[in-house]
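As structure tokens, the structure follows; a few thoughts come after it.
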Amino acid sequence: MNKVDVLLGLQWGDEGKGKVIDVLTPDYDVVTRFQGGPNAGHTLEFDGQKYVLRSIPSGIFQGNKVNIIGNGVVLDPALFKAEAEALSASGHDLTKRLYISKKAHLIMPTHRALDAANEAAKGDAKVGTTGKGIGPTYTDKVSRNGLRVGDILENFEQKYAKAKQRHEEMLRAMNFSYDVTEIEKEWMAGIEYLKKFNLIDSEHVINGLIDEGKAVLCEGAQGTMLDVDFGSYPFVTSSNTICAGACTGLGVAPNKIGDVYGIFKAYCTRVGSGPFPTELFDETGETLCNNGHEFGSVTGRRRRCGWIDLVALKYAVMINGVTKLIMMKSDVLDNFDTIKACVAYKVNGVETDEFPYELNDRVEPVYKELPGWKTNMTKMKKESEFPQAFNDYLDFLEDELNVPIKIVSVGPDREQTIVRYRLD
Ligand code: GDP
Ligand code: IMO
Ligand code: MG
């Protein structure tokens, strides 16, 4: 049976998913997003150009591939229009090869206001969301009050007015002041713009493509530690970012999932609030942030940095059924004398390598120290050039995680990607 492959983040997002989706696209006919929305920021660099994609799949730059925004995605028409128009201005017209599920939910301007109101109400306990209305939109989906892309084709104004009124009542009850007049205009223009695209019943289209033998790659957004069920709840996003999310977010049956590419940084980052056991508050953390340019691609927020966490990674490998690993940003560690990896947690003084119910202040990382490779790897093209200490680091990770590391990334550019030949 022809199967679809999934690529997803194993940490707290920003692992480099966009870059690798772009690198892998030539091997596929179709690239799809299955969850999340414009909270994502997927960066691609090639030919001296940099692009940040938010709702549009990262398969749009390599050939005339079909790209699909699946039913599990939440779409903001205003942001989508801005993103698609910017791409069109740079010579990438998408109207003929980008398909959008009619079942994807619409992020309304009042969802953004509700996102801000919810955060304000939480005070110090705020999630640190991207402010894009993600949580309120998924809340409306689950409470059966949402508007879907398919709704724009008939009696939309009435449906919109009703949903907006509901939100206004909620905002009033929260005593939250806001003004959506300006963004509402852009948003309505976005609704008209959406009509230029192929609005489809994506589950039929995708399954049809699978039956035709087409190679389909699903692009995850966020990361496993931000999954609403398995992440560091409540400091998570509002969708299932894990592999199972590709099934519900596209209408692909579980037995049609093929390879699961799990992507991680050689260290670890997180944006927004919430626990992060291996976070560094010292000079090393500062160096990781500076070397890795760890600032959010969407919000510009400084990313918190720390050592790789193998307890969390093992958990992510298990939850997703990862078959191939991809390690990113190894170049950021090129100058380190030693590198640490968290191999266990100490919880109330007891050591465990099992990911706990809750990551709280009582969870302390237990580290193993490894020698650094002290070599500039950014121009390397093949595995045979890797320094011994780097190979030792890869072997150590593979032993711990029990999954082969198939791809290593040594810089942000498309070309700075090494597929390990011994695994081909
Ligand atoms: P995504 O959300 O998972 O697609 O990741 P982001 O694009 O938000 O963040 C990854 C950042 O790291 C981007 O700025 C990329 O250009 C950059 N990047 C990707 N791979 C590498 C790498 O191997 N080395 C370095 N130094 N930067 C990388
Ligand atoms: P990509 O796809 C990193 C984080 C936010 C916040 C939490 C909830 O680029 O990896 P939300 O706006 O989703 O309600 O915010 O999730 N977050 C991300 N962090 N990368 C992302 O996407 C993220 N999308 C959301 O910072 O902590
Ligand atoms: Mg990102």
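Throughout the sequence shown, residue numbering follows this note's numbering, covering 10 to 433 in sequence.
Built from N, CA and C at the ideal position, the CB exists for glycine as well.
- Query: Given Cys298, which residues of its chain have a CB within under 6 Å of its CB, disregarding the five upstream and five downstream residues?
  - Reply: Within the same chain, Cys298 has close Cβ partners Cys314.
- Between the C-alpha atoms of Cys227 and Met117, what's the straight-line distance to the nearest angstrom? Straight-line Cα distance between these residues: approximately 26 Å.
- Message: DSSP three-state label for Ile65, please.
- Response: Correct three-state label for Ile65: coil.
- Going by beta carbon distance, what residues of the same chain come within less than 6 Å of Asp60, once the five residues before and after it are set aside? The sequence shown places Tyr at residue 60, not Asp. Leu53, listed in sequence order.
- Does DSSP classify Pro380 as helix, strand or coil? Looking at Pro380 - three-state DSSP - the assignment turns out to be strand.
- When we look at the beta-carbon of Val151 and count the other beta-carbons within 10 Å, is it buried (16 or more) or exposed? Val151 is exposed by the Cβ-count criterion.
- Query: Fully enclosed by the stretch 278-360, which beta strand (DSSP E) runs are 3 residues long or longer?
  - Reply: The stretch 278-360 contains these whole beta strand (DSSP E) runs: 313-315, 333-337, 347-356.
- Query: Is it true that the stretch 361-371 meets the stretch 334-351, where meeting means three or more beta-carbon pairs spaced less than 8 Å apart?
  - Reply: When C-beta atoms of the stretch 361-371 are compared with those of the stretch 334-351, fewer than three pairs fall below 8 Å, so the two segments do not count as touching.
- Item | Cβ pair count under 8 Å reaching 3, the stretch 411-427 against the stretch 373-387 | The stretch 411-427 and the stretch 373-387 touch, with no fewer than 3 CB-CB distances between them shorter than 8 Å.
- Message: Using 8 Å as the threshold, is the C-beta distance between Trp196 and Pro35 below it?
- Response: Taking 8 Å as the cut-off, the beta carbon of Trp196 is found no closer than this to the beta carbon of Pro35.
- Message: So, with DSSP's three-state summary, where would you put Arg175?
- Response: DSSP places Arg175 within a helical segment (H, G or I) once states are collapsed to three.
- Does the distance from the CB of Ser306 to the CB of Gly81 come in under 8 Å? No, they are not a contact pair.
- Per DSSP, Arg157 forms a beta bridge with which residues? DSSP output for Arg157 lists His114 as bridge partner(s).
- Message: Tell me the residue span of the beta strand (DSSP E) that contains Ile209.
- Response: 207-209 is the extent of the beta strand (DSSP E) around Ile209.
- Message: Considering just the uninterrupted stretch of the beta strand (DSSP E) at Ser248, what are its terminal residues?
- Response: Note, Ser248: premise wrong, no beta strand (DSSP E); not H, not E.
- Check: Ala49 C-beta below 7 Å from any heavy atom of ligand 1: Yes, Cβ of Ala49 sits closer than 7 Å to a heavy atom of ligand 1.
- Report the residue from Pro380, Tyr270, Phe290 whose alpha carbon sits nearest the alpha carbon of Asn329. Comparing Cα positions, the closest option is Tyr270.
- Exposed or buried, what is Ala325 when buried is set at 16 or more other beta-carbons lying within 10 Å of its beta-carbon? The residue is buried, with at least 16 neighbouring Cβ atoms inside 10 Å.
- Message: What does the alpha-carbon distance come out to for the pair Phe206 and Ala350?
- Response: Taking the straight line joining both Cα atoms gives about 46 Å.
- How many angstroms separate the CA atom of Ala230 from the CA atom of Ser393? Approximately 32 Å between the Cα atoms of the pair.
- Mark His120 as exposed unless 16 or more other C-beta atoms lie within 10 angstroms of its C-beta, in which case mark it buried. With 16 or more neighbouring CB atoms inside 10 Å of its own CB, His120 falls in the buried class.
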